[in-house]
Amino acid sequence: MMEIFMHAFACYESTTNDALLVSNSTQCFHKDFLPTFILSIPGILYLVLQVPITSLVFFPINPRGDDLHAKTTGRIDAIYQLFRIVLVVCIEIAEDSPAVVLAVLAICCFTIFYMTARQQPFFSKHMNDLRCGILFASFCSSIHTGVVYGMGGTDNVSAFVIICVLLVPEFACGFAMSFYARSWIANGVIQKLQGCI
């Protein structure tokens with residue numbers, strides 16, 4: 001939904017694949033684009049503000065709070081939503097620069113992966129492990145894709161096959177890193193408790 005609104009906000013010209021908001025912003029006020037351009041603004045504002053407003057109403061966003069919901073929402077969910085919005089905006093604005101989009105994607109995936117592995121925010125340990133596996137595989141795939149893109153255009157499908165094959169071990173690595181991170185966190189807590197005793 002955000003991407004649809006961003007298309008309308010960018011005054012996307014389908015025939016030329018051009019975002020007129022960037023190349024020729026005055027065209028957004030033309031009768032062909034003005035209705036969707038105006039309607040996209042409240043739509044984007046709603047989607048951007050939906051998560052923090054909902055969190056403020058139902059439970060707080062406080063990474064260090066005592067509320068169990070605050071831990072999950074404050075540390076992961078709100079930042080995940082923020083990164084998702086950043087990615088959509090980046091894809092719309094920098095669609096002609098795949099290297100920029102891939103770089104932003106890699107940074108977002110690694111940041112969320114690190115936070116999930118380091119803080120183990122979700123109530124189910126397997127949920128943390130699965131998310132870490134998916135995020136680490138996405139991070140590695142964005143790097144592989146960037147390398148392939150940097151090597152220039154090619155019609156060879158081997159690069160795509162290699163990326164797909166590597167998804168399984170990359171997912172396994174992310175899953176394992178989350179598991180060992182949880183063990184490391186647990187050992188740290190045990191040592192602190194032993195020190196207090």
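Residues 1 to 197 in UniProt numbering are what the sequence shown lists, from first letter to last. Backbone N, C-alpha and C fix where the C-beta goes; we use that ideal spot for every residue, glycine too. Nothing here was measured: the structure is a model prediction, and the numbers come from that model.
Between the alpha carbons of residue i and residue j, how many angstroms are there, rounded?
i           : j           : result
residue 124 : residue 195 : 28 angstroms
residue 47  : residue 31  : 25 angstroms
residue 190 : residue 45  : 45 angstroms
residue 34  : residue 164 : 42 angstroms
residue 171 : residue 136 : 6 angstroms
residue 145 : residue 157 : 13 angstroms
residue 278 : residue 96  : Lying outside 1 to 197, the shown extent of the chain, residue 278 is not represented and no answer is given.
residue 168 : residue 126 : 17 angstroms
residue 24  : residue 18  : 9 angstroms
residue 119 : residue 109 : 15 angstroms
residue 193 : residue 76  : 27 angstroms
residue 50  : residue 26  : 30 angstroms
residue 182 : residue 22  : 45 angstroms
residue 180 : residue 81  : 26 angstroms
residue 162 : residue 184 : 33 angstroms
Return the residue from the list the options that minimises the CA-CA distance to residue i.
i           : options            : result
residue 173 : 186, 140, 185, 187 : 140
residue 160 : 127, 186, 171, 148 : 148
residue 29  : 11, 166, 43        : 11
residue 8   : 26, 27, 22, 37     : 37
residue 134 : 193, 176, 145, 96  : 176
Please work out which residues of its chain come closer than 6 angstroms, Cβ to Cβ, to residue i, disregarding the five sequence neighbours upstream and downstream, and give them in chain order.
i           : result
residue 100 : 94
residue 4   : none
residue 198 : Outside the modelled stretch of the chain, which goes from 1 to 197, sits residue 198, for which no answer is possible.
residue 178 : 117, 128, 129, 132
residue 98  : 149
residue 90  : 101, 104
residue 43  : 5
Give me the DSSP bridge partner(s) of residue i.
i          : result
residue 19 : 12
Spatial neighbours of residue i within its chain, please: C-beta separation below 7 angstroms, excluding the five flanking residues on both sides.
i           : result
residue 13  : 20
residue 143 : 106
residue 138 : 109
Might you give, ordered along the chain, the residues of its own chain that have their beta carbon closer than 8 angstroms to the beta carbon of residue i, omitting 5 neighbours on each side?
i           : result
residue 79  : 111, 112, 115
residue 187 : none
residue 41  : 9
residue 39  : 8
At a cut-off of 7 angstroms, would you count residue i as near the ligand FMN, judging by its Cβ distance to the nearest heavy atom?
i           : result
residue 183 : The ligand FMN is absent from the structure shown, which contains no ligand whatsoever.
*Give a yes or no on contact between the region 79-86 and the region 102-117, applying the rule of three or more CB pairs nearer than 8 angstroms.*
yes
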